[in-house]
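Each residue of the sequence shown is one higher than the last, beginning at 1470 in the numbering used here. Even glycine gets a Cβ: it sits at the ideal position worked out from N, Cα and C. Bear in mind the structure is a predicted one, so any value in this text is a computation, not a measurement. Comments concern the structure below.
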Amino acid sequence: MKNSTLKAAIVLGMTLFAGATAGAALDPNQVREALPKKTESYLKEGVISGGDRETRAGMVRNIRRALNGNFERIVIDLEAERAPYFQAAMEPEQRRIIVTLFGSPKLGFNAKKVAEDFKKSPLVSHVELFPKIEEDSWTFALHLRAAVPVEVFELTSPTRIILDLKGGSALLAELAPKAVAKPALKAKAKPKALSAARLVTKPAVSESEDEGNSAASHAEDIPE
């Protein structure tokens, strides 16, 4: 029952998303086409679309992130000659970016590894990888720590979809996850001094006895 409810909710959400991204309810100035290179053209809200509508059955190999100057770069690695048709919707009020890939994409990445990597992100609080319930499309969401402008473009050789989240050095430093300090090691306790009563004085040994003991003590060091 829970699985069917979840599936219905996801289908409904994706249907509403598809309707919104069709452009009917959006200002044309908020709809932009992804370019094949970086142009420093950022959008804080609206929809960016790109890719090839004829590309089918590509595979999502990885979703990764890295800091690059004053922005954080999100890379979607694809196994396809060209990126399939896609839409990236920026929702600043919800502080999230919803990305949908069309063309029956297959998923070939380690979801746990992707989620762990995004825990180190200064701008993305977490990534939500929705189950693939529609044959023709797949959706995931980037939940942001702050509503920042985004530039989306696509690259080839190898095929990638790029999302650059512009944060600025000050914001990146402020939002970056802080390392947890390890507890300081306790200093080892100094050995207690022996009382005079417990001190034992060895008896004096004559020179002849000492030489004999010395020879005996080193006998075991001689190899057979």
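Status (buried if at least 16 other CB within 10 Å, exposed otherwise) for residue i
i	result
Pro1553	buried
Met1559	buried
Asp1605	exposed
Ala1580	exposed
Glu1643	exposed
Ile1517	buried
Ser1664	Below a pLDDT of 50, predicted positions are generally treated as unreliable, and Ser1664, at 49, falls in that range; the measurement from the model is reported next regardless. Flag for Ser1664 reads exposed.
Ala1610	buried
Rounded C-alpha distance that separates residue i from residue j
i	j	result
Ile1566	Gly1520	17 Å
Lys1588	Met1528	24 Å
Asp1586	Ala1535	9 Å
Val1500	Glu1620	12 Å
Gln1556	Pro1600	18 Å
Glu1597	Thr1608	9 Å
Pro1627	Asp1546	8 Å
Lys1506	Ile1630	10 Å
Glu1445	Gly1572	Residue 1445 is absent from the model: the chain starts at 1470 and stops at 1693.
Bridge partners - residue i, DSSP secondary structure assignment
i	result
Pro1556	For clarity, residue 1556 is Gln in the given sequence; the question names Pro instead. Gln1556 is bridged to Ser1518, Thr1569.
Leu1624	Arg1629
Ala1597	Reading off the sequence, residue 1597 comes out as Glu, not Ala. Beta-bridge pairing links Glu1597 to Ala1610.
Supposed close pair residue i, residue j - CB separation, criterion 8 Å
i	j	result
Pro1591	Leu1641	5 Å
Arg1530	Glu1548	5 Å
Ile1532	Phe1578	6 Å
Selection from the options that minimises the alpha carbon distance to residue i
i	options	result
Pro1618	Arg1564, Thr1608, Phe1609, Arg1533	Arg1564
Glu1541	Thr1628, Pro1505, Leu1613, Glu1562	Leu1613
Pro1574	Ser1638, Glu1523, Lys1513	Glu1523
Glu1514	Thr1625, Pro1561, Thr1508	Pro1561
Thr1625	Val1583, Pro1646, Glu1550	Glu1550
Ser1594	Pro1646, Leu1512, Glu1509	Pro1646
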